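Take a look at the structure below.
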Amino acid sequence: MTFTESWDELVDDFADHLASVAGKDDLGAEIGEWLLEREEVDDVFAEDERLARVVIEQARGLAAEAAAREQAAPPTQHAATPSGTAAPRRASGAGPTAYDEWTARWTRRPFVPKTREGDGPVTASKFGGAAFLRQGEAWPQCPGCEQPMSLFVQLDLSMLPPGMPYPHREGMAQLFYCTNADPLCEVDHEAWQPFGKSVVARWLTPDELARPHEPAQDPIGVLVAVVVGWEQGAPELPGYEEDVPPPPDGPDGEPTEIDEALRPRAGDKVGGWPAWVQGPEYPACPLCKTQMVYLLQLESNGLCHHQFGDLGAGYLCQCPNHPEVMAFGWACH
């Protein structure tokens, strides 16, 4: 294994971790001093494997001590929260803690598309390929370069995962995007902004989907992935930037720390919480000024085969009151 942190930072991180494992507030300082006062400290830090052995041995010993103390303590229970985390300790038989209620309120489950290569019917949910077009409708073209836009994704909203809460579960969401690099339309027309000129984000009604449509066509010819199902991801809690109340303080009055593993994840997904690159960027509906609802996250070089700036991510949103209003924007590092 390789450690990229400086040794001082590594000692601090190690000490803090052991302190949390053993449940002793002063253990971090004790372990840090123990490491730094050892005569062979330079030798320990010279080889990663030796350092790893020290970490593992100490962690195992402290974990055993913590387990022994837990068994000797009065009976308690840890309520399993929807997020899969352990709620603050409470006495057996007690009701949900404030943290339980906060977690239940704000936990969301993302769903990752399961796909197969190759195109499918124009009514299928897919990334790339032949899009559903109304009868007599031409394939969307970029107003800048006048070239066909790429179909990034179309989603049959009636086929969204049952466990995913969403205000609109009928019709089809489509996203077309200009990937032309000469000229660079996404820059010239600021495609990272919602409602950009080189982007078409739209919703087709169930009635439109039931009518005759144009014959299948795909003027781009990129790799196609048809959605054949959804895989439920691990639970997510909102990122720091979201406009939600912080978790309640613990029984000791200290702020509750949320496991970073429960923060929003990158990748192609529907639902869950967006893993914002530069902070929340929910568009406002131009009709009612309501904050639009996040539907889909697209990762750079993922299923849409496009890189958003410096390895950024894109977000497709829809107005909760006006389903015909959809917007797409992206941000990068």
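Here the sequence shown is numbered in the numbering used here, starting from 706 and rising by one per residue. We treat Cβ as the ideally placed atom computed from N, Cα and C, and that holds for glycine. Fair warning: this is a prediction, and the values are worked out from it, not measured in the lab.
- The beta carbon of residue 1004 is closer than 7 Å to those of 971, 972, 973 and 1018 in its chain, skipping five residues each way along the sequence.
- Annotation note: the region 798–862 contains the following uninterrupted beta strand (DSSP E) runs of length 3 or greater, listed N- to C-terminal: 815–822 and 855–861.
- Between the region 975–983 and the region 848–857, the count of C-beta pairs closer than 8 Å stays below three; the two stretches do not touch.
- For the 8 Å CB-CB criterion, residue 959 and residue 1034 do not form a contact.
- Under the DSSP assignment, residue 915 falls in the alpha helix (DSSP H) whose first and last residues are 911–915.
- Counting only the Cα atoms, residue 888 lies some 34 Å from residue 819.
- Within its own chain, the residues whose Cβ lies closer than 8 Å to the Cβ of residue 874, once the five positions on either side in sequence are excluded, are 862, 863 and 865, listed in chain order.
- Its Cα nearest to that of residue 937, the residue 816 stands out among 816, 805, 801 and 807.
- Taking C-alpha positions only, residue 905 is separated from residue 1011 by approximately 16 Å.
- One thing to note: residue 1031 has its Cβ within 8 Å of the Cβ of residue 908.
- Taking C-beta separations shorter than 6 Å and ignoring five residues to either side along the sequence, the partners of residue 883 in its chain run 847, 854, 890 and 903, following chain order.
- In the three-state reduction of the DSSP assignment, residue 1022 falls in the strand class.
- Distance from the CA of residue 911 to the CA of residue 1020, rounded to the nearest whole angstrom, comes to 23 Å.
- In the three-state DSSP reduction, residue 932 falls in the strand class (E or B).
- Considering only 1015, 925 and 953, the residue with the shortest C-alpha distance to residue 1036 is 1015.
- Under the Cβ criterion (8 Å, minimum of three pairs), the region 827–844 counts as touching the region 916–924.
- Per DSSP, reduced to three states, the secondary structure at residue 892 is helical.
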